[in-house]
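A.B. asks:
Dropping the structure here:
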């Protein structure tokens, strides 16, 4: 499942990336971490795990004294003014496979985090070494950013450094400068309450930028699988024949029940036809498209017969 | 003959302006579509054509045809003639992906094109002009490509059949046979002519000048050798908004010189902004439009607060005088989206004669739009990146005419 800190540290060694390791009691905030790891070892980082309204996730890793203005960041990403907020606790476990207080750039090593966008503070580049948690908050690791870059490249990621304090104008003729870092895939994480995607707006969390993201003290949800939109979070009526038929039967019965006003059966069937044909055609088209897309995917990855 | 292009350059603020990059009415009034048809030299789509469509397709014509949303054409009757003879055609439409936020106005040509695809059982190519937006809106290449893919998802959600539809982005597809046609077209249009048609000037960069052939050549089947091999005579029908007419006037002018058939066009009027101010819904003013990402609550709010009402100031006055249907936006929107002709007639009658109040009309509109947007959202959620890849793959479409 998720990478462990030992697996990560082994990987760093394999890649011959130089780092120093500091063990300490588990820490949830930067202030606490600072008690155990002195700044002579490197620059501490604060790490934010964020989410936008379209279920896309971001890790923003910055120097502790860098001011990260969420409104500005949201605009620069092309999400409008209030488009981004702290990700919920479940997402931490599901996507980053780390616990509270442990957001770190290293988390993108996990397959589950493949659609999470990682933005690094440009100011890190001026530091000899920077400090991050290696997937566990009872250890801190300090390394040169070139080392982190090397690690990221080894897992197929291009390191992205951003001037987080910049506040460029975003408008009709000035495209949001960070929009290109918005993930192309959104991710569905099973939420605590059963919200449909139409109702959004989780209560704004009052978390100051200095503290690592701490959600409420509820125990994390039992592990649901991380689903990408590619899987079954999409209406399964488009993929599954039984659900397809169920959808048709449901809609037809509902309409039958609501429309029967003692009129003739012929008139009723006419009404049914009129009201349902376009809906069902749309349903069928999406079903067909989904099947074709799956076939296409399989076809493009098909391995030629071994002779 | 086509209308003399010189006229376009004289379009000042005292005249209405309609071109691919700007649409505004004269002196804050409404767009005069009759004048536009005259000036552009296209034809009105009359009842007889609509009846013919009904006969040929054995189904009720699309609501946009019945209500005159698609109201002008060039050579649509010839397309129907050929179709009656057993000669098919293909559809070509497109989108300039300048923003992620799609509103209902953007969906209109796609909704209509989907109907045409189903009714006539013909294939469709959809062009995403990411290069155009990169140049005109000064987006980075990567950003415009990203937007193209995002927009493709909304387009697919309109319900196109993947076995009959090819979506392509200019940055991905331009080259090969497509590019050869672009050069052939470019050779036929002088700089002066381009400046006359499109209003280019010495200040514009050369990217803009060389763009028009890109939008022109999807009208020619030889641009898609993987789709229409050997079918050089296949005709093309282009459903689009009327502001795109200049591109295709140029294309129709050039086609015979290249030995190609002229593409036919079927053109729509503009979807009015919520607040009704002259012109069309604009992606840069969020309250002028209903977006496909709006929640039911957003839609209700926007309709209630911003939709320009033709009702009277007081209930008494309203009961006496009735509503001004000419300027009323909710009724206009219903005429676009309310399928049931008799219900629309009823609303117009009751509201116009003062017996129905604005609130009721707005409520009905909110229902209709919410259902539409919700259906779109569901379909959009089902569009995966793999599905986009499938639609955009350069592949043959063996059942495209079935």
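Chains as they are written, first to last, in my numbering: chain F, 2 to 308; chain X, 15 to 416.
Using N, Cα and C, we set each Cβ at its ideal position, and we do this for glycine too.
In this text, all values refer to a predicted model and were calculated from it rather than measured experimentally.
1. Using a Cβ cut-off of 9 angstroms, pull out every chain X residue sitting near residue 156 of chain F, in sequence order please.
2. Hey, would you say residue 97 of chain F sits closer than 8 angstroms to residue 85 of chain F, going by beta carbons?
3. Helix, strand or coil, according to DSSP, for residue 24 of chain F in the structure here?
4. Taking 8 angstroms as the threshold, find out whether the region 38–54 of chain X comes into contact with the region 307–318 of chain X through three or more Cβ pairs.
5. Please give me, in chain order, every unbroken run of the alpha helix (DSSP H) with length at least 4 that falls completely inside the region 190–239 of chain X.
6. If you count every other CB in all the chains shown that lies within 10 Å of the CB of residue 153 of chain F, and 16 or more means buried, which is it?
7. Threshold first: 3 residues or longer. Then list the beta strand (DSSP E) segments lying entirely within the region 81–146 of chain F, N to C.
8. Residues of chain F with CB closer than 9 angstroms to the CB of residue 81 of chain X, please, in chain order.
9. Output needed for residue 63 of chain X: all residues of its chain with C-beta closer than 7 angstroms, excluding positions within five of it in sequence on either side, in chain order.
10. If we count the other Cβ atoms within 10 Å of its Cβ and call it buried at 16 or more, is residue 329 of chain X buried or exposed?
11. Quick check: the Cα distance between residue 5 of chain F and residue 12 of chain F, rounded to an integer number of angstroms?
12. DSSP beta-bridge partners for residue 266 of chain X?
13. What's the gap between the Cα of residue 156 of chain X and the Cα of residue 181 of chain F?
14. Ignore the nearest five residues each way along the sequence and tell me which others in residue 116 of chain X's own chain have a CB closer than 6 angstroms to its CB.
15. Write down every uninterrupted run of the alpha helix (DSSP H) in the region 103–143 of chain X whose length is 4 residues or greater and which is fully enclosed by it, in chain order.
16. Can you give me, in chain order, the residues of the region 132–154 of chain X that have a beta carbon less than 9 angstroms from any beta carbon in chain F?
17. With C-beta atoms as the reference, is residue 137 of chain X less than 8 angstroms away from residue 107 of chain X?
18. Counting only Cβ pairs nearer than 8 angstroms, list the residues of chain F close to residue 173 of chain X.
19. Does any C-beta atom of chain F lie closer than 8 angstroms to the C-beta of residue 204 of chain X?
20. Would you please verify whether the beta carbon of residue 290 of chain F is less than 8 angstroms from any beta carbon of chain X?
21. Roughly how far, in whole angstroms, is the beta-carbon of residue 122 of chain F from the beta-carbon of residue 149 of chain F, given that I think they are within contact range, below 8 angstroms?
22. At a CB-CB cut-off below 8 angstroms, which residues of chain X make contact with residue 186 of chain F?
23. Quick one: residues in its chain with C-beta nearer than 7 angstroms to the C-beta of residue 66 of chain X, no 5 flanking neighbours on either side, listed in chain order?
24. Between the region 84–107 of chain X and chain F, which residues of the former have a C-beta closer than 8 angstroms to a C-beta of the latter?
25. Nearest to residue 272 of chain X by alpha carbon, out of X:246, X:255, X:283 and X:253?
26. Whose C-beta lies closer than 8 angstroms to the C-beta of residue 16 of chain X among residues of the same chain, with five residues either side of it excluded?
27. Can you have a look at residue 7 of chain F and say buried or exposed, based on whether 16 or more other CB atoms are within 10 angstroms of its CB?
28. Residue 171 of chain F and residue 77 of chain F: beta carbons closer than 8 angstroms?
29. Report the residue from F:60, F:64 and F:17 whose alpha carbon sits nearest the alpha carbon of residue 1 of chain F.
30. Which value, in whole angstroms, describes the spacing of the CA atoms of residue 186 of chain F and residue 58 of chain F?
31. Going by DSSP, name the residue or residues bridged to residue 49 of chain F.
32. Just the Cα atoms here: how many angstroms apart are residue 404 of chain X and residue 251 of chain X?
33. When DSSP labels each residue in this structure, what does residue 32 of chain X get in the three-state scheme?
34. Within 8 angstroms of any Cβ in chain F, is that where the Cβ of residue 17 of chain X sits?
35. Report whether the distance from the Cβ of residue 342 of chain X to the nearest heavy atom of the ligand FAD is below 7 angstroms.
36. Could you work out which residues of chain X lie near residue 181 of chain F, taking near to mean beta carbons separated by less than 7 angstroms?
C.D. replies: Let's see:
1. Taking the first chain and counting its residues from 1, the one referred to as residue 156 of chain F is at position 155. Under the 9 angstroms cutoff, chain X gives no residues; its nearest Cβ is about 20 angstroms from residue 156 of chain F.
2. The residue given as residue 97 of chain F occupies position 96 in the first chain. The residue given as residue 85 of chain F occupies position 84 in the first chain. No; because the gap between Cβ atoms is not below 8 angstroms, this pair is not in contact.
3. In the first chain, the residue the question calls residue 24 of chain F occupies position 23. Note: residue 24 of chain F maps to strand in three-state DSSP.
4. no
5. 190–201, 205–212, 220–223 and 226–230
6. Taking the first residue of the first chain as position 1, residue 153 of chain F is located at position 152. Its Cβ being crowded by 16 or more others within 10 Å, residue 153 of chain F is buried.
7. 85–87, 118–122, 131–133 and 140–144
8. Locating residue 81 of chain X in the second chain gives position 67, where the first residue counts as 1. What residue 81 of chain X touches in chain F: nothing, since even the nearest Cβ is about 16 angstroms away.
9. The residue given as residue 63 of chain X occupies position 49 in the second chain. Hits under 7 angstroms: 90 and 91.
10. Locating residue 329 of chain X in the second chain gives position 315, where the first residue counts as 1. Exposed, because fewer than 16 other Cβ atoms sit within 10 Å of the Cβ of residue 329 of chain X.
11. Position 4 of the first chain, counted from the first residue, corresponds to residue 5 of chain F. Position 11 of the first chain, counted from the first residue, corresponds to residue 12 of chain F. Each residue's Cα considered, the two are about 11 angstroms apart.
12. As a first step, residue 266 of chain X is located in the second chain; it is residue number 252 there, counting from the start. According to DSSP, residue 266 of chain X bridges with nothing at all.
13. Position 142 of the second chain, counted from the start, is the residue given in the question as residue 156 of chain X. Position 180 of the first chain, counted from the start, is the residue given in the question as residue 181 of chain F. Taking the straight line joining both Cα atoms gives about 7 angstroms.
14. One-based indexing of the second chain puts residue 116 of chain X at position 102. Closer than 6 angstroms at the Cβ level, and outside the excluded window around residue 116 of chain X, lie 168 and 306.
15. Secondary structure remark: continuous alpha helix (DSSP H) runs of at least 4 residues inside the region 103–143 of chain X, in chain order: 118–134.
16. 132, 151, 152, 153 and 154
17. Indexing the second chain from 1 puts residue 137 of chain X at position 123. Indexing the second chain from 1 puts residue 107 of chain X at position 93. Not in contact: residue 137 of chain X and residue 107 of chain X (Cβ atoms no closer than 8 angstroms).
18. Within the second chain, residue 173 of chain X is the residue found at index 159, counting from 1. Within 8 angstroms Cβ-Cβ: 282, 283, 286 and 287.
19. As a position in the second chain, residue 204 of chain X is number 190, starting the count at 1. Not an interface residue.
20. Locating residue 290 of chain F in the first chain gives position 289, where the first residue counts as 1. Residue 290 of chain F belongs to the set of residues whose beta carbon lies under 8 angstroms from a beta carbon in chain X.
21. If you number the first chain from 1, residue 122 of chain F lands on position 121. If you number the first chain from 1, residue 149 of chain F lands on position 148. That pair is no contact at about 12 angstroms.
22. Taking the first residue of the first chain as position 1, residue 186 of chain F is located at position 185. What residue 186 of chain F touches in chain X: 399.
23. Taking the second chain and counting its residues from 1, one reaches residue 66 of chain X at position 52. Around residue 66 of chain X: 94.
24. Answer set for the region 84–107 of chain X: empty.
25. If you number the second chain from 1, residue 272 of chain X lands on position 258. Among X:246, X:255, X:283 and X:253, the Cα nearest to that of residue 272 of chain X is on X:246.
26. In the second chain, the residue the question calls residue 16 of chain X occupies position 2. With a pLDDT of 36 at residue 16 of chain X, under the threshold of 50, the modelled position of that residue is not reliable, and the figure given next carries that caveat. 55, 263, 266 and 267.
27. Here residue 7 of chain F refers to the residue found at position 6 of the first chain. That one is exposed.
28. For the purposes of this step, residue 171 of chain F is taken as the residue at position 170 of the first chain. For the purposes of this step, residue 77 of chain F is taken as the residue at position 76 of the first chain. Yes, these two residues count as a Cβ contact at 8 angstroms.
29. The requested residue 1 of chain F does not occur in the structure, where chain F is confined to residues 2 to 308.
30. Taking the first residue of the first chain as position 1, residue 186 of chain F is located at position 185. Taking the first residue of the first chain as position 1, residue 58 of chain F is located at position 57. Each residue's Cα considered, the two are about 9 angstroms apart.
31. Sequence index remark: in the first chain, residue 49 of chain F carries index 48 (1-based). BP columns for residue 49 of chain F point to F:61.
32. By one-based count along the second chain, residue 404 of chain X stands at place 390. By one-based count along the second chain, residue 251 of chain X stands at place 237. C-alpha separation (whole angstroms): 24 angstroms.
33. By one-based count along the second chain, residue 32 of chain X stands at place 18. Reduced to three states, the DSSP call for residue 32 of chain X is strand.
34. As a working note, residue 17 of chain X is residue 3 in the second chain. Per-residue confidence for residue 17 of chain X stands at a pLDDT of 38, beneath the threshold of 50, marking its modelled position as unreliable; the derived number appears in the next sentence. Closer than 8 angstroms: no.
35. The ligand FAD is not among the ligands present in this structure, which contains no ligands whatsoever.
36. Position 180 of the first chain, counting from 1, holds the residue named residue 181 of chain F. Near residue 181 of chain F (Cβ distances below 7 angstroms), the residues of chain X are 154, 156, 157 and 160.
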